[in-house]
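J.: Before I ask anything, let me first share the structure, which is written out below as structure tokens.
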Amino acid sequence: SVQELAVLIGTTLDRFIHQEQSAFPYATGELSHLLRDIALAGKIINREVNRAGLVDLSGAMGQSNVQGECQQKLDVIANIRFLRALQRGGEVCAIISEEDEGIIYTNNDNGKYVVAIDPLDGSSNIDVNVSIGTIFSIYRRVTPIGTQANMSDFMQGGRKQVAAGYILYGSSTMLVYSTGSGVNAFTYEYSLGEYILSHRNLRCPEDGGIYSINDAYFEQYDPNIQAYLVNSRKRGLTARYIGSLVGDFHRNSLKGGIYLYPATEKAACGKLRLLYECYPLAFLAEQMGGSASDGQQPILDIVPQNYHQRTPFIVGSSKMVGEVVAALKRSV
Ligand code: AHM
Ligand code: MG
């Protein structure tokens with residue numbers, strides 16, 4: 005059976021979640037369910053992502069889906085899938101998504117958790133068969149169970165995340181997450197339809213040889229960032245930039261490296277969003293022994309003000325992030 009096969013090749017996500025939950029005798033299992041819901045929605049998105057190249061083809065042939073709607077963009081589809089999964093799951097009372105302006109209520113006021121999510125990040129890579137990802141962040145609500153959730157549930161700050169993670173739709177599909185006791189990665193095995201534990205307790209190398217930044221904005225960066233980049237070239241670092249945050253983050257976490265999206269002249273706070281891009285990846289980075297900063301303070305210490313706020317983002321190997329932060333401090 006599929007179960008037996010999975011046992012042969014390793015620990016499945018479900019088994020791992022179950023084991024992790026059993027380690028906490030008072031855990032009620034809702035967070036486990038929630039993680040499973042996200043993983044399941046990820047499988048569905050994965051299928052859509054894999055078929056993306058065929059979508060235009062069916063459009064060209066005049067096909068529409070069962071509801072008679074025209075094919076929708078993949079990021080819109082991903083948003084619908086995740087919202088539906090979280091709504092049906094019953095553990096979540098409210099959601100913030102990159103795709104929606106305000107709070108999305110799930111009609112489950114008894115849910116204990118709220119989720120901030122970027123359903124499909126890396127928009128410029130979606131239509132061209134390049135890695136993209138889902139990023140999620142989970143909090144236990146602070147408003148009373150049974151009442152309507154509100155902004156305060158989402159404005160707790162990055163250190164209050166109870167879990168965070170991403171799904172990378174790359175050359176293979178991976179779910180990487182942490183509940184605050186290390187980071188584990190699961191690779192999706194297509195024929196089994198299971199995520200299999202492939203990287204136990206991921207650690208980010210303290211130092212690395214890769215830097216990832218959009219070099220086209222060089223002239224717009226702070227002179228200290230410019231100096232850091234010039235120096236990086238002299239030191240013989242190598243440049244890797246997909247323009248897909250999840251992919252760039254994943255690579256650098258495994259190999260050792262730094263990702264930077266600093267402030268530019270046009271965007272004083274950079275581009276990336278605090279709640280559903282930077283907080284969750286910063287949480288993972290710290291859990292892996294790496295670090296994440298906005299240049300002044302750790303990302304997780306930023307006090308949030310609104311749902312879609314942006315922040316400069318410097319993340320990766322702790323030594324490299326430290327060097328950039330030190331360089332920026334020299335300018336003030
Ligand atoms: P998105 O949320 O519209 O997809 O934008 C986020 C993406 C990141 O994945 C990526 O690191 C960055 O934007 C790339 O931006 P740029 O093209 O300015 O370098
Ligand atoms: Mg995004």
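Here the sequence shown is numbered in full-length UniProt numbering, starting from 5 and rising by one per residue. Yeah, the Cβ is synthetic: ideal placement off N, Cα and C, and Gly gets one too.
1) Find out if the Cβ-Cβ distance for the pair glycine 213, glycine 251 is shorter than 8 Å.
2) Sort Lys323, Tyr117, Thr183 and Ile84 by Cα distance to phenylalanine 28 and report the nearest one.
3) Nearest CA to the CA of valine 180: which residue from Ala189, Met155 and Tyr173?
4) To test your reading of the DSSP string, which unbroken beta strand (DSSP E) runs of 3 or more residues are found completely within the segment 133-192?
5) What residues sit near the ligand MG, counting only those whose C-beta is closer than 6 Å to one of its heavy atoms, in chain order?
6) CB-CB under 7 Å to alanine 43, same chain, minus the five flanking residues each way: which ones, in chain order?
7) Over the uninterrupted beta strand (DSSP E) stretch that includes alanine 98, give me the two end residues.
8) So, are the CB atoms of tyrosine 225 and proline 266 less than 8 Å apart?
9) So what does DSSP say about tyrosine 232, is it helix, strand or coil?
10) Are the CB atoms of alanine 153 and valine 118 nearer to each other than 8 Å?
11) If you draw a straight line from the alpha carbon of arginine 144 to that of glycine 115, how long is it in whole angstroms?
12) What would DSSP say about glycine 66, mapped onto helix, strand or coil?
13) Measuring CA to CA, which of Phe253, Tyr194, Leu38 and Thr177 is closest to glycine 294?
14) Report all residues from its chain with a CB closer than 8 Å to the CB of tyrosine 280; omit the five preceding and five following residues, and keep chain order.
15) Could you check whether leucine 172 and glutamate 137 sit closer than 8 Å to each other, using their CB atoms as the reference points?
16) Might you give, ordered along the chain, the residues of its own chain that have their beta carbon closer than 6 Å to the beta carbon of valine 328, omitting 5 neighbours on each side?
T.: Taking the geometry as given:
1) Cβ atoms of glycine 213 and glycine 251: not closer than 8 Å.
2) For phenylalanine 28, the closest alpha carbon among the candidates Lys323, Tyr117, Thr183 and Ile84 is that of Thr183.
3) Looking at the Cα atoms, Ala189 is the closest of the given residues.
4) Correct list: 136-144, 167-173 and 177-182.
5) In chain order, the hits are Glu102, Asp122, Asp125 and Glu281.
6) If you ignore the 5 residues before and after alanine 43, its C-beta comes within less than 7 Å of the C-beta of Leu17, Leu179 and Tyr199, all in its own chain and listed in chain order.
7) Counting along the chain, the beta strand (DSSP E) containing alanine 98 begins and ends at 96-101.
8) Closer than 8 Å, so yes.
9) Correct three-state label for tyrosine 232: helix.
10) At the C-beta level, alanine 153 and valine 118 come within 8 Å of one another.
11) Taking the CA atoms as reference points, arginine 144 sits about 9 Å from glycine 115.
12) Bear in mind that the predicted position of glycine 66 carries a pLDDT of just 46, short of 50, making it unreliable; the figure below should be weighed with that in mind. The answer is coil: DSSP assigns glycine 66 none of H, G, I, E or B.
13) Of the listed residues, the one whose Cα sits closest to glycine 294 is Phe253.
14) Around tyrosine 280: Ile100, Ser101, Glu102, Ala120, Ile121, Asp122, Ile139, Phe140 and Ser141.
15) It is worth fixing the name first, because residue 137 is glycine in this sequence and not glutamate. Less than 8 Å divides the Cβ of glycine 137 from the Cβ of leucine 172.
16) Only Tyr232 and Ile318 meet the Cβ criterion.
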